[in-house]
Amino acid sequence: MATEAYSLALEDRIFSLQTLSASERYEELVRDFPQILQRVSLGHIASYLGVTLETISRIRKK
103 MATEAYSLAL EDRIFSLQTL SASERYEELV RDFPQILQRV SLGHIASYLG VTLETISRIR
163 KK
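Residue 103 is where the sequence shown starts when you use the working numbering, and the numbers rise one by one after that.
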């Protein structure tokens, strides 16, 4: 069961990285994990999304 859930989560992550824009990935992350910005540094969030810290800063300004 846990392996199947992990596999599905991994597929979703790969799909997001391949098909969504950086802005869309950021919006999806914040929507799915609303408290993330208070708990995780922007550098870690940028790394998770596959973008630079500068890109995250530009996305957040919009």
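Glycine is no exception: its CB is placed at the ideal position from the N, C-alpha and C atoms.
This structure is a prediction, so every number in the text was calculated from the model and none was measured.
Going straight from the alpha carbon of Ile147 to that of Glu130, what length do you get? Looking at the backbone, the Cα of Ile147 and that of Glu130 are separated by about 12 Å.
Should Leu112 go down as buried or exposed, given a rule of 16 or more other Cβ atoms within 10 Å for buried? Exposed, by the Cβ-count rule.
Within 8 Å, strictly: CB atoms of Tyr128 and Leu144: Between Tyr128 and Leu144, the gap from beta carbon to beta carbon reaches 8 Å or more.
If you measure between the beta carbons of Ser125 and Ile161, is that distance less than 8 Å? In this structure, Ile161 lies closer than 8 Å to Ser125 by Cβ.
Spatial neighbours of Ser118 in its chain, beta-carbon cut-off 7 Å, leaving aside the 5 residues before and after: Correct list, in chain order: Arg127, Glu130.
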